[in-house]
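For reference, the structure is listed below as structure tokens.
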Amino acid sequence: MISGIFALYFVGKNVSVVASIIHDSDIPEKDILDIFSKEKIIGGAIGNFSRGKYKIVYYATAENKSKYLLGIILGSETDHTPFETPLKEEAKLLLRKDRVKNLPSNLKESYQSIVRGAIQSFEVRISEIDKDREETHRKISSLEQQLKTFYSEEKQLLAELEKGKETDTIIRKIETIIVNQKELEKLIEEQKNIEKTFEEKSSNLKSELAKLQAVNSRIPEFTLQQPLAEALEEAKPEEALEEAEPETLKESTSSDISNLMKKLEALSHKQSTLQAELVSAEESTVSVPKATPVHSETIEQVAEPITSRTPPDTTLEREEEATMSDVLAEMVGEVKAAILEYLFWINKPRTINEISQDLETTAQTIIENAEDLVNQGYACKLSKKNTKEVYLTVCPNCPLKSRCQKERAINWEQIMHEKIKK
């Protein structure tokens, strides 16, 4: 029977779980990720495969560089056919670009729609099988009636045979009746086997239907897991993200976000070897005033070590005004700098999914770097009341900045208004 639903996000061969509801199953999300990282996923079509006691049925969007996937977990013996149509219909709706940012909050509703669709499919199949079984039973009754007629005719002929009337003719008639009887008996036996098969199918489907109905009634109680958001959970109590009126974005927002997206596009092609390409923090640390936290990362072919930009014994003949990207990159490295600059220009808190989509890089990359940014005080994690959504923000755009007592790790005003010598 069905034991869960999950949504995945793909960039190349990299895959991460956006959200999931797994119940009545001991399959870990790690196994799901491992399975899909090795499978060739074709977008725009229903797919399925079995792994041990589980069967995975899924539908993926047809994007090229990145795509979302909605999948369900079934028992290996469960017929997946009744689930295919409702899964495909729900995936097309849930994974639409204008709705995918709300995927976690809509997953439970989608799960219920898929289960209800499967319930309807099971009910239709049970009804059809029961009709076939009833029709088979009528055939058996008709054949048995014919057989009774042959038995009666045989009895009469045997009585005539005892009287000695037309012995040869009667014997030939009896032989013909016996042949017909055997054919009917064989046909009746075949029909009874068919009827038994229909009864077993109907019984099994009714059992599956009862389980599905039980799952459907329990869905509101199931726990929604959001690994992308939960990766940023801290030990301290969460602060409530106050509802604030949307502010007008800075004039350069669109162009800056576009530049950031282009900057990270190269990263999305290197995700499968990202960890191997990261240079250790000790090798890439940049000397800055002690009051400022320092952490720098270097990625091959994307960012060069700061020390290599100016050859030894070379004096700069002119002062240059550093961009925000330059300053932030010296502080935290290229990847984290792109995230911070995005959060600054977007002018409001954003979820991991939203950041991942806007910057066109994997959610896992955002998670790994966001954890460091939060821990080092460069960014803050917020959450809305009565929801599990987790947001990232930077000081200038934080709705709690007026009463925040934390020490600020970045002087955003200085970055925006002062010229910094390289």
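Residue numbers for the sequence shown follow our numbering, so the first one is 1 and each next one is one higher. From the three backbone atoms N, C-alpha and C, an ideal C-beta is built for every residue, glycine too.
Secondary structure of residue 395 (DSSP, three-state): helix. Counting only residues of its own chain and dropping the five nearest sequence neighbours on each side, residue 53 has a CB closer than 8 Å to the CB of 75, 76.
A residue is called buried when at least 16 other Cβ atoms come within 10 angstroms of its Cβ; residue 11 meets this threshold and is buried. In the DSSP secondary-structure assignment, residue 404 is not bridged to any residue. Per DSSP, reduced to three states, the secondary structure at residue 51 is strand.
Only exposed fits residue 102, as fewer than 16 other CB atoms lie within 10 angstroms of its CB.
When only Cα atoms are considered, residue 205 and residue 117 end up about 15 Å apart. The shortest C-alpha to C-alpha distance from residue 27 to any of 4, 16, 137, 374 is the one to 4. Exposed is the label assigned to residue 34, since fewer than 16 other Cβ atoms lie within 10 Å of its Cβ.
Taken in chain order, the complete beta strand (DSSP E) segments of 3 or more residues contained in the stretch 3–37 are 4–11, 14–22. With fewer than 16 other CB atoms across the displayed protein chains lying within 10 angstroms of its CB, residue 193 is exposed. In the three-state DSSP reduction, residue 60 falls in the strand class (E or B).
Residue 362 and residue 9 have their C-alpha atoms roughly 8 Å apart.
Sequence-distant partners of residue 113 (beyond 5 residues in either direction) whose C-beta falls short of 7 Å from its own C-beta, in its chain, are 86, 90. Beta-bridge partners of residue 121 (DSSP): none assigned.
Per the C-alpha coordinates, the member of 208, 166, 62 positioned closest to residue 115 is 208.
With a beta-carbon spacing of about 15 Å, residue 195 and residue 126 fall beyond the 8 Å limit used to define contacts.
Looking from the CA of residue 201, the closest CA among 95, 220, 131 belongs to 131.
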